[in-house]
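Chemist:
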Amino acid sequence: MKKFSFFAMAILMMLTFGCATRSDIPMVENTAVSPDRVAAVNLRAGIVLPDENMVKTKVSGSYTETIPAGKQIRSMAKKYYPYAFSSAVVVPAGSFPESVDVLISTDIQDYSYEGVQVAAGFGLKFRLNLGVKAVITDRNRMTVWETSARSVKESRAVVSPVIPVETLKAEVLSAAMAECFRKINEDISLSGELQTYASNMKKQTAPSRPQYAQQQAAVVQQVTAKVGGGGYLGVNIQAISTERQTAVARYTAMLGRTRMGLAGVEVVGVAPSSPAERAGLHVGDIIADAGGTLVSSPEAFVNFINSQAPQSKLTLYVIRDNRPSYFDVVLASAADPKAPPVQQAAAQREPEKTASETDENLPPLREDAYAVVIGIDYGGRKDIPGLKYASNDAQDVYNLLTDRRYGGIPKENTVLLLNENATRNSMVAAIRKIRTWDGYIYVYFSGHGAPITSGDKVTDAVIVPYDAVISDPDSLADTAVKISYLENMVDTSNAKGVMVALDACFTGSGKSITAKGGKPIVGMMAAPDLFRTTGSGRVIITSSAANQQSWEDDSEYRSGIFSHFFKEGLRGKAGKGVWVTINDIADYIKSNVAKTAFRLKGQEQDPQVVGSGDFTVGRNWEQYRLIDEETGRNKLKGLFEKGLINSTQLTKGLEELKKPVKSKLMDAFLKGRIDDKSFGELY
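Numbers 1 to 683, taken from full-length UniProt numbering, label the letters of the sequence shown in order.
In structure tokens:
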């Protein structure tokens, strides 16, 4: 057999679909294969089913294909999982009934079709490569066990005028799904880890839920009252259940040491502006290890923190969203133990400066730089889907742009609009400043976009303010900010360089909306060219292609995927030297977002760059500091060669340059505030 060439595939699609650019694979039940009987695990499972209308989408050029993922998973899960457990019932999403021990959920990880030529003169078949993942979680939503299964199936029939392409693809999808679920059932049955977990669960005599809640509340009060004394972290914690400890133990094994017993503490509050908040700890995190010491209980953890000196640096080993992470934290001196905990900081604070990074030791501000930063979660709007991280991402970007180590933009040269403050009038007023500002301008928006259509054509797109009216397409167009208006402000600006970064999409789905009665871009005859710029020094970076969605991520970054890498680029990771240029950050975003979106979401998200320019966006602070240290070494060696300092002074000076905090004399020498001879005499 030969693989169907792309050109032949395109011809087939034209013959089959005519001018259509969208193919929706129908749902087909697989009745040919019955589930195999396996040795059931002694657990009562709750089957979590996806929405019936959930689909997986593949986009290639102007061709869009969807498969009925929700319907297939619902059908197979209800058919197969009752054979793998002692009992298995469907439970509502988001619930955990007392009648079940664990939850099992399923998702399609990836899939790809290819045409296969049977032989010369014969028809064509379709081959499907499908990956499915199953995850078992406990009552605390911790992963107990997971597995993946893969199936490669080929259609029995060939494409013909009697059998449409969609029918063949639907049949092979159903067959591949059945094989994947059969393999998942076998994995469940043969898992020694699940058998052990089930055995341990049956031996437990845990207190009732009300008693357990009372015990946990007492622990929180006890631990909170003890915080203080030596080092201060700024968290409220509580013990975790034995059930959850068992799941945590799977991850703590990665520490490379045998764990004596089961433990760990859960963060239930983070104090504002505390070391914990600055390090990035969140409510719900499980702290398993602190500074190389395994956490055995809340009391032991508090005593350990209190035994540490202020300014001590610790590495915390944390389980977050079932993934292990490391957080470096610098303890403060004992603070008010009654500082109110918060669910989670509304926005990330400015990156913490070391003692040697006071304002007078930092580079000067860029007086010719300006910024407009906007982020909207739409939390109070019932008619607009809410976003989780848009305003946080915007706050982070603002902090980085105004930090003298990175963006260096004076705060008086910036406009920050978050949530309810990001009205259409305030957004237009801020964007209008682009035309009058000289120098370099940086615009960032995180929120919803929307297409503006006329018939089957896209005439424009908009970014959606907090107060936009979406009752119909005309109202949305009148109360949002049009991309064409933004482009006009950019093109007619007096600025030397303008960068616009948009973490939004304009498909009518995902990080986008469609007005009631409007049409999404997905499925239209051709993908529209929404963004244009004229002249050099004008660059627009969008988070995805015109017919793709832009994604937020809950599992690793707690951020928009595009925004995460935009922020990392601003922190210096995009730079090849001291300075991060517009080309550096564009290349960094493009190379990281696409592969990350596919890894985390199984979807395509390809950022687009329109326009050209060669100007600076920010500074690589670590590289800057290294060069600054190199300059200091050269100056000291120069003094030694002139005989103004001896070898002992040279060695002492070189060691001091490596320290984060330098003496006032050394600082004055490096900044040229004292002459070489006086420094040699005094040092």
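Think of the CB as a built atom: it goes at the ideal place given N, C-alpha and C, for glycine as much as any other residue.
Just so it is clear, the structure is predicted and the values come from calculations on it, not from any experiment.
1) According to DSSP, is Y80 part of a helix, a strand, or is it coil?
2) Measuring straight from C-alpha to C-alpha, what distance separates A422 and E604?
3) Hey, Q548 and V59 are a contact pair by Cβ (cut 8 Å); roughly how many whole angstroms apart?
4) Tell me which residues share the same chain as I431 and place their Cβ nearer than 8 Å to its Cβ, disregarding the 5 neighbours each side in the sequence.
5) With a threshold of 16 other CB atoms inside 10 Å of the CB of N646, please say whether the residue is buried or exposed.
6) So, with DSSP's three-state summary, where would you put G46?
7) Look at the Cβ atom of N620, then the Cβ atom of G572, and state whether they are nearer than 7 Å.
8) If you follow the beta strand (DSSP E) that D289 is part of, which residue opens it and which one closes it?
9) Taking C-beta to C-beta, are A501 and I463 nearer than 7 Å?
10) Buried or exposed for T137, going by 16 or more other Cβ atoms inside 10 Å?
11) Straight-line CA distance for E655 to W551?
12) Name the residue from K642, N399, R320 whose alpha carbon lies nearest to the alpha carbon of R141.
13) Report back the beta-carbon spacing between P97 and G46 to the nearest angstrom; my notes put them in contact at under 8 Å.
14) So what's W551 in DSSP terms, helix, strand or just coil?
15) I'd like to check one pair, L331 with G231: are the Cβ atoms closer than 7 Å?
16) By the 10 Å Cβ neighbour count, where 16 or more other Cβ atoms means buried, how is G364 classified, buried or exposed?
17) Which residue from D24, V28, I441, N42 puts its Cα closest to that of Q195?
18) Could you check the C-alpha separation between Q311 and V329 for me, to the nearest Å?
19) Mind checking which residues open and close the alpha helix (DSSP H) that includes A390?
20) Is it buried or exposed for T492, if we count other Cβ within 10 angstroms and need 16 for buried?
21) So if DSSP puts E266 in a beta bridge, which residue, or which two residues, is it bridged to?
22) Would you tell me roughly how many angstroms separate the C-alpha atoms of D438 and D587, rounded to the nearest one?
23) Measuring only the C-alpha atoms, how far is V162 from A198?
24) To the nearest angstrom, report how far apart S86 and D472 are at their CA atoms.
25) To the nearest angstrom, how far is it from the Cα of K226 to the Cα of A271?
26) Is the beta carbon of K71 sitting closer than 7 Å to the one on E52?
27) Using CA atoms only, rank isn't needed, just tell me which of E179, V295, R150, D107 is closest to N129.
28) Could you compute how far the alpha carbon of M177 sits from the alpha carbon of P26?
29) Taking the alpha carbon of D396 as the reference point, which residue from G375, N413, T596, E412 has its own alpha carbon closest?
30) Since L418 contacts S454 with CB under 8 Å, what's their CB separation in whole angstroms?
31) With a CB to CB cut of under 8 Å and the five nearest residues on each side skipped, what residues in its chain are close to V580?
32) Among I108, R127, S105, which has the Cα closest to the Cα of E114?
33) Over the uninterrupted alpha helix (DSSP H) stretch that includes G653, give me the two end residues.
34) Quick one: is Y212 buried, meaning 16 or more other Cβ sit within 10 Å of its Cβ, or exposed?
35) Within 10 Å of its beta-carbon, does Y370 have 16 or more other beta-carbons around it, so buried, or fewer, so exposed?
36) When burial is assigned at 16 or more other CB atoms within 10 Å of the CB, is E360 buried or exposed?
Modeler: In short, the structure shows the following:
1) For this step, residue 80 is matched to residue 80 along the sequence shown. In this structure, Y80 counts as helix in the three-state DSSP scheme.
2) Reading the sequence shown from its first residue, position 422 is the one you call residue 422. Reading the sequence shown from its first residue, position 604 is the one you call residue 604. Rounded to whole angstroms, A422 to E604 spans 29 Å at the Cα level.
3) On the sequence shown, position 548 is the one that residue 548 refers to. On the sequence shown, position 59 is the one that residue 59 refers to. At roughly 6 Å, the Cβ-Cβ gap stays under 8 Å, so Q548 and V59 are in contact.
4) Against the sequence shown, residue 431 aligns to sequence position 431. Result list for I431: V372, V443, V481, Y485, L486, M489, in chain order.
5) Taking the first residue of the sequence shown as 1, we reach residue 646 at position 646. Burial call: exposed.
6) Locating residue 46 in the sequence shown gives position 46, where the first residue counts as 1. Looking at G46 - three-state DSSP - the assignment turns out to be strand.
7) Translated into positions along the sequence shown, residue 620 becomes position 620. Translated into positions along the sequence shown, residue 572 becomes position 572. Against a cut-off of 7 Å, the Cβ pair of G572 and N620 comes out as a contact.
8) For this step, residue 289 is matched to residue 289 along the sequence shown. Note, D289: beta strand (DSSP E), 286-290.
9) On the sequence shown, position 501 is the one that residue 501 refers to. On the sequence shown, position 463 is the one that residue 463 refers to. No, the pair does not count as a contact, with Cβ atoms beyond the cut-off.
10) Your numbering for residue 137 matches position 137 in the sequence shown. Counting Cβ neighbours within 10 Å, T137 comes out buried, since at least 16 surround it.
11) For the purposes of this step, residue 655 is taken as residue 655 along the sequence shown, with counting starting at 1. For the purposes of this step, residue 551 is taken as residue 551 along the sequence shown, with counting starting at 1. Going from the Cα of E655 to the Cα of W551 covers about 47 Å.
12) Here residue 141 refers to the residue found at position 141 of the sequence shown. Among K642, N399, R320, the Cα nearest to that of R141 belongs to R320.
13) Here residue 97 refers to the residue found at position 97 of the sequence shown. Here residue 46 refers to the residue found at position 46 of the sequence shown. That pair is a contact at about 6 Å.
14) Locating residue 551 in the sequence shown gives position 551, where the first residue counts as 1. W551: coil per DSSP, three-state reduction.
15) The residue you call residue 231 lines up with position 231 of the sequence shown. The residue you call residue 331 lines up with position 331 of the sequence shown. Yes.
16) The residue labelled residue 364 in the question sits at position 364 within the sequence shown. The identity of residue 364 in the sequence shown is Pro, whereas the question assumes Gly. By the neighbour-count rule (16 or more Cβ atoms within 10 Å), P364 is not buried but exposed.
17) What you label residue 195 is simply residue 195 of the sequence shown in a count that begins at 1. Selected option, being the one with the closest Cα: N42.
18) Within the sequence shown, numbered from 1, the residue matching residue 311 stands at position 311. Within the sequence shown, numbered from 1, the residue matching residue 329 stands at position 329. About 9 Å.
19) Here residue 390 refers to the residue found at position 390 when the sequence shown is read from its first residue. 390-402 is the span of the alpha helix (DSSP H), which, as asked, contains A390.
20) Locating residue 492 in the sequence shown gives position 492, counting from the first residue. For T492, the number of other beta carbons within 10 angstroms of its own is below 16, and it is reported as exposed.
21) Your numbering for residue 266 matches position 266 in the sequence shown. The partner list for E266 (beta bridge, DSSP) reads Q238, I286.
22) Here residue 438 corresponds to residue number 438 of the sequence shown, with the count starting at 1. Here residue 587 corresponds to residue number 587 of the sequence shown, with the count starting at 1. Those two C-alpha atoms are separated by around 26 Å.
23) Working through the sequence shown from its first residue, we reach residue 162 at position 162. Working through the sequence shown from its first residue, we reach residue 198 at position 198. Roughly 51 Å separates the two Cα atoms.
24) The residue you call residue 86 lines up with position 86 of the sequence shown. The residue you call residue 472 lines up with position 472 of the sequence shown. The straight-line gap from Cα to Cα measures roughly 52 Å.
25) Mapped onto the sequence shown, residue 226 falls at position 226. Mapped onto the sequence shown, residue 271 falls at position 271. Unreliable placement is indicated for K226, whose pLDDT of 38 sits below 50; no coordinate value is reported for it.
26) By 1-based counting over the sequence shown, the position of residue 71 is 71. By 1-based counting over the sequence shown, the position of residue 52 is 52. Going by C-beta atoms, K71 is nearer than 7 Å to E52.
27) In the sequence shown, counting from the first residue as 1, residue 129 sits at position 129. Distance from the Cα of N129 is smallest, within the candidate group E179, V295, R150, D107, for R150.
28) Here residue 177 refers to the residue found at position 177 of the sequence shown. Here residue 26 refers to the residue found at position 26 of the sequence shown. Roughly 14 Å separates the two Cα atoms.
29) On the sequence shown, position 396 is the one that residue 396 refers to. For the residues G375, N413, T596, E412, the minimum Cα distance to D396 belongs to G375.
30) The residue given as residue 418 occupies position 418 in the sequence shown. The residue given as residue 454 occupies position 454 in the sequence shown. With a beta-carbon spacing of about 33 Å, L418 and S454 fall beyond the 8 Å limit used to define contacts.
31) The residue labelled residue 580 in the question sits at position 580 within the sequence shown. So the qualifying residues of the chain are G569, L570, G572, A574, T616, V617, G618, R619, N620.
32) Taking the first residue of the sequence shown as 1, we reach residue 114 at position 114. Ranked by how close their Cα comes to the Cα of E114, the residues I108, R127, S105 have R127 in first place.
33) Residue 653 sits at position 653 when you count from the first residue of the sequence shown. Counting along the chain, the alpha helix (DSSP H) containing G653 begins and ends at 647-657.
34) For this step, residue 212 is matched to residue 212 along the sequence shown. Below a pLDDT of 50, predicted positions are generally treated as unreliable, and Y212, at 36, falls in that range; the measurement from the model is reported next regardless. By the neighbour-count rule (16 or more Cβ atoms within 10 Å), Y212 is not buried but exposed.
35) For the purposes of this step, residue 370 is identified with residue 370 of the sequence shown, where counting begins at 1. The residue in question, Y370, is buried, as its Cβ has 16 or more Cβ neighbours within 10 Å.
36) The residue given as residue 360 occupies position 360 in the sequence shown. At E360, the pLDDT of 49 sits below 50, so the modelled position is not reliable and the matter cannot be decided from this model.
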